[in-house]
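A.B. asks:
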Ligand SMILES: Cc1cc2nc3c(=O)[nH]c(=O)nc-3n(C[C@H](O)[C@H](O)[C@H](O)COP(=O)(O)OP(=O)(O)OC[C@H]3O[C@@H](n4cnc5c(N)ncnc54)[C@H](O)[C@@H]3O)c2cc1C
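Residue numbers (the working numbering): 50 to 610.
If you want it as structure tokens, here you go:
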């Protein structure tokens, strides 16, 4: 269908919503934009942005009309028409990803065009314009995601772990896509035939209506959608940040906003562990809570607004630390040089070897026992798994408010792994029962965990209990294997920093400077460790964010050394 005869879906939205999504710039604001770009005439039918283009221009319409359309299998779909004072733009302009739409002049007129660098300069220096643009960009992206107006289609099944992985990967990267559920959607056969795929191939990703990827890895999805396009190896960066959890994202925002050339490398998607939290209630400034994904999504855009480069679905596999500049090698073979490095690779909670564990994470399986989890449990019976101090503290704490507490340990006693004072408290507490030589063997439930089965390894006795809350306190492993001994670690592999480093450790690392390591600096000068990966960190989002920002203030000192 010809787009000129179509009505845009957003013509029907409320005036308040329209004002936020498609604000009209005032004459004064337009004059300020003009200072960063070029004015020119555009003729009717001229395509300013093609679907799939990179390096997208930011455009303000001064006269005439600009239409945004999307190519679909059945022709062009009109999304919105911009008129005088409106501007064309989306977060893809800042992240340098492909355009999901075609922008074409419907009626000839005058426009102002800015390239990506000028747009970045403008949003960073003009606070009022920055606010208007960033709000519109974020709201537009939310609408695209809600409507599935992207360049990716996922064909999958709700019973497939691969489908869940790809959907999570796209969502956590803020990429709009549409989803066809082979178990429930009608007309599926037609799609399968058209792309010559079989139901057994699921999950399938149809990328830009062209490429069909069968059960692709996250790396393949990222490559197909062009997430990392334009990131160059050649030049020396001021700082490379490895990991985009709260600590890495915080470092990225501070580094880029303070003018440092900044590259972030992230294995999966921004957010880290916090990204998997459905509601964070203890982060300052969010009295009603915020989902980890929303918090991470905002920080991700914020870092890009200031010009940080983000490399997604790529793992750092080596740090060359015996000479400067430091080199970070990525799993696809690329190598990046950096004056300083911030390691923010976090930790991974040890998981139980139970098949469907991830289904109940946050819905009965918890990795922390704070007042929030205790509140969720109410007076119900709970299980704590683990024999370390964190498990002991959790059991004692929970027993104060929940129903009976069961501690499950694989060994035959707590003595070797838990402090004496905690063991005594557990022994004296009638609400706590210790089950030695015991392992969880099954979890059941529909959405929320409902039943738990455990087995005594010595007697073989199996117990099946109606318990809806299990606390896994079996410790966390730091993501430091890739460092290959480049920086001193504690016994568990967490990175030691600042005054925690002993003279012996510094001597072993051949610390070359007369000054002692700065706060959060590892045994390598200019290599920092922040957040959960750091020995002694408190494993909280707020501390990760704080450490990320402090490390950058010290990076400045090192760059001036
Ligand atoms: C389910 C859950 C709920 C939580 N809820 C709360 C809460 O409500 N409040 C609170 O304060 N804390 C909470 N926490 C703890 C909090 O999330 C962590 O303390 C915080 O995320 C640590 O941030 P980080 O950036 O140091 O590490 P992480 O969040 O672990 O992020 C590290 C990042 O590094 C990436 N990475 C790892 N290795 C590499 C590599 N080699 N190359 C590239 N990238 C790599 C990972 O993919 C990850 O994205 C929760 C944790 C979980 C698991």
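C-beta: ideal position from N, C-alpha, C; glycine also.
Taking contact to mean 3 or more Cβ pairs, one atom from each stretch, closer than 8 Å, check whether the segment 219-234 and the segment 165-180 are in contact.
C.D. replies: No, the segment 219-234 does not touch the segment 165-180.
A.B. asks: How many whole angstroms separate the CB atoms of residue 393 and residue 597, which I take to be in contact at a CB cut-off of 8 Å?
C.D. replies: Here residue 393 refers to the residue found at position 344 when the chain shown is read from its first residue. Here residue 597 refers to the residue found at position 548 when the chain shown is read from its first residue. Between residue 597 and residue 393 the Cβ distance is about 6 Å, and since that is below 8 Å, they are a contact.
A.B. asks: Tell me, to the nearest whole angstrom, how far the beta carbon of residue 107 is from that of residue 149; I am working on the premise that it is less than 8 Å.
C.D. replies: For the purposes of this step, residue 107 is taken as residue 58 along the chain shown, with counting starting at 1. For the purposes of this step, residue 149 is taken as residue 100 along the chain shown, with counting starting at 1. The Cβ separation is near 16 Å, so there is no contact.
A.B. asks: Please state if the CB of residue 382 and the CB of residue 345 are separated by a distance shorter than 8 Å.
C.D. replies: Against the chain shown, residue 345 aligns to sequence position 296. Against the chain shown, residue 382 aligns to sequence position 333. Not closer than 8 Å, so no.
A.B. asks: In the DSSP assignment, find the alpha helix (DSSP H) that holds residue 80 and state where it starts and stops.
C.D. replies: Taking the first residue of the chain shown as 1, we reach residue 80 at position 31. 76-83 is the span of the alpha helix (DSSP H), which, as asked, contains residue 80.
A.B. asks: Check for me: the beta strand (DSSP E) holding residue 400 runs from which residue to which?
C.D. replies: Along the chain shown, one-based indexing puts residue 400 at 351. Residue 400 -> no beta strand (DSSP E), and no H or E assigned at all.
A.B. asks: Excluding the 5 residues flanking residue 430 on each side, which residues of the same chain have their C-beta closer than 7 Å to its C-beta?
C.D. replies: Here residue 430 refers to the residue found at position 381 when the chain shown is read from its first residue. The answer, listed in chain order, is 452, 453, 516.
A.B. asks: So which of 437, 348, 493 has the shortest CA-CA distance to residue 409?
C.D. replies: Residue 409 sits at position 360 when you count from the first residue of the chain shown. If we check each option's Cα against that of residue 409, 493 comes out closest.
A.B. asks: Check each candidate in 592, 169, 467 and name the one with the smallest Cα separation from residue 331.
C.D. replies: Taking the first residue of the chain shown as 1, we reach residue 331 at position 282. Selected option, being the one with the closest Cα: 592.
A.B. asks: Quick check: the Cα distance between residue 192 and residue 514, rounded to an integer number of angstroms?
C.D. replies: The residue labelled residue 192 in the question sits at position 143 within the chain shown. The residue labelled residue 514 in the question sits at position 465 within the chain shown. Cα to Cα, residue 192 sits roughly 44 Å from residue 514.
A.B. asks: Could you give the DSSP three-state label for residue 227: helix, strand or coil?
C.D. replies: On the chain shown, residue 227 is found 178 positions in, with the first residue counted as 1. Strand.
A.B. asks: What beta strand (DSSP E) runs, 3 residues minimum, are completely inside the segment 300-370?
C.D. replies: Listed in chain order, they are 311-315, 358-361, 365-369.
A.B. asks: Going by C-alpha to C-alpha distance, which of 580, 587, 101 sits closest to residue 298?
C.D. replies: Stepping through the chain shown from its first residue, residue 298 is reached at position 249. Here the closest residue by C-alpha is 580.
A.B. asks: Is residue 173 helix, strand or coil by DSSP?
C.D. replies: What you label residue 173 is simply residue 124 of the chain shown in a count that begins at 1. If DSSP states are grouped into helix, strand and coil, residue 173 belongs with the helices.
A.B. asks: Out of curiosity, what's the CA-to-CA distance linking residue 62 and residue 73?
C.D. replies: Locating residue 62 in the chain shown gives position 13, where the first residue counts as 1. Locating residue 73 in the chain shown gives position 24, where the first residue counts as 1. Approximately 16 Å between the Cα atoms of the pair.
A.B. asks: How would you label residue 508, buried or exposed, when you count the other beta carbons within 10 angstroms and need 16 or more for buried?
C.D. replies: Start at 1 with the first residue of the chain shown, and residue 508 comes out as number 459. It counts as exposed.
A.B. asks: Hey, is the segment 300-313 in contact with the segment 351-358, meaning 3+ C-beta pairs nearer than 8 Å?
C.D. replies: These segments touch.
A.B. asks: For ligand 1, any of its heavy atoms closer than 7 Å to the Cβ of residue 396?
C.D. replies: Locating residue 396 in the chain shown gives position 347, where the first residue counts as 1. At least one heavy atom of ligand 1 is nearer than 7 Å to the Cβ of residue 396, so yes.
A.B. asks: Taking C-alpha atoms, which residue in 301, 102, 587 lies nearest to residue 287?
C.D. replies: One-based indexing of the chain shown puts residue 287 at position 238. Looking at the Cα atoms, 301 is the closest of the given residues.
A.B. asks: Could you say if the segment 472-485 and the segment 441-448 meet the contact criterion of at least three C-beta pairs nearer than 8 Å?
C.D. replies: The segment 472-485 vs the segment 441-448: in contact.
A.B. asks: Is residue 538 a contact residue of ligand 1, with contact defined as CB to any heavy atom under 7 Å?
C.D. replies: Along the chain shown, one-based indexing puts residue 538 at 489. Incorrect: residue 538 has no Cβ contact closer than 7 Å to ligand 1.
A.B. asks: Quick one: what's got a C-beta closer than 8 Å to residue 99's C-beta in the same chain, skipping five residues either side?
C.D. replies: The residue you call residue 99 lines up with position 50 of the chain shown. For residue 99, where only same-chain residues beyond five positions count, the Cβ hits under 8 Å are 148, 151.
A.B. asks: Looking at the secondary structure, which residues open and close the beta strand (DSSP E) in which residue 497 lies?
C.D. replies: Numbered from its first residue, the chain shown carries residue 497 at position 448. Where residue 497 is concerned, the enclosing beta strand (DSSP E) stretches over 497-505.
A.B. asks: Decide if residue 608 is buried, meaning its Cβ has at least 16 other Cβ atoms within 10 Å, or exposed.
C.D. replies: Taking the first residue of the chain shown as 1, we reach residue 608 at position 559. Under this definition residue 608 is an exposed residue.
A.B. asks: Identify whether residue 523 lies in helix, strand or coil by the three-state DSSP scheme.
C.D. replies: For the purposes of this step, residue 523 is taken as residue 474 along the chain shown, with counting starting at 1. The answer is coil: DSSP assigns residue 523 none of H, G, I, E or B.
A.B. asks: Spell out the partners DSSP gives residue 163 in its beta bridges.
C.D. replies: Along the chain shown, one-based indexing puts residue 163 at 114. BP columns for residue 163 point to 107.
A.B. asks: According to DSSP, simplified to helix, strand and coil, what is residue 120?
C.D. replies: For the purposes of this step, residue 120 is taken as the residue at position 71 of the chain shown. If DSSP states are grouped into helix, strand and coil, residue 120 belongs with the strands.
A.B. asks: Sort out for me which residues DSSP pairs residue 151 with in a bridge.
C.D. replies: Position 102 of the chain shown, counting from 1, holds the residue named residue 151. 118.
A.B. asks: Closer than 7 Å: is that where the CB of residue 330 sits relative to any heavy atom of ligand 1?
C.D. replies: Sequence index remark: in the chain shown, residue 330 carries index 281 (1-based). Checking the Cβ of residue 330 against ligand 1 gives yes.
A.B. asks: Measure the Cβ-Cβ separation of residue 135 and residue 110 and say whether it is below 8 Å.
C.D. replies: Locating residue 135 in the chain shown gives position 86, counting from the first residue. Locating residue 110 in the chain shown gives position 61, counting from the first residue. Closer than 8 Å, so yes.
A.B. asks: Go to residue 142, then tell me how far its alpha helix (DSSP H) extends in each direction, as first and last residue.
C.D. replies: In the chain shown, the residue the question calls residue 142 occupies position 93. From DSSP, the alpha helix (DSSP H) with residue 142 extends over 141-144.
A.B. asks: Take every Cβ of the segment 566-574, pair it with every Cβ of the segment 527-543, and state whether three or more of those distances are shorter than 8 Å.
C.D. replies: With a cut-off of 8 Å, the segment 527-543 and the segment 566-574 count as touching, because enough Cβ pairs lie within range.
A.B. asks: Less than 8 Å between the C-beta atoms of residue 503 and residue 562, yes or no?
C.D. replies: Here residue 503 corresponds to residue number 454 of the chain shown, with the count starting at 1. Here residue 562 corresponds to residue number 513 of the chain shown, with the count starting at 1. No, Cβ-Cβ distance for residue 503 and residue 562 is not below 8 Å.
A.B. asks: Is the segment 257-275 close to the segment 545-561, with three or more CB pairs under 8 Å?
C.D. replies: No, the segment 257-275 does not touch the segment 545-561.
A.B. asks: Who are the near neighbours of residue 265 in its chain, counting only those whose CB is closer than 6 Å to its CB and skipping five residues on each side?
C.D. replies: Here residue 265 refers to the residue found at position 216 of the chain shown. Cβ neighbours of residue 265 beyond the five flanking positions: 254.
A.B. asks: For residue 294 versus residue 395, is the C-beta spacing smaller than 8 Å?
C.D. replies: Within the chain shown, numbered from 1, the residue matching residue 294 stands at position 245. Within the chain shown, numbered from 1, the residue matching residue 395 stands at position 346. Result yes, Cβ atoms of residue 294 and residue 395 sit closer than 8 Å.
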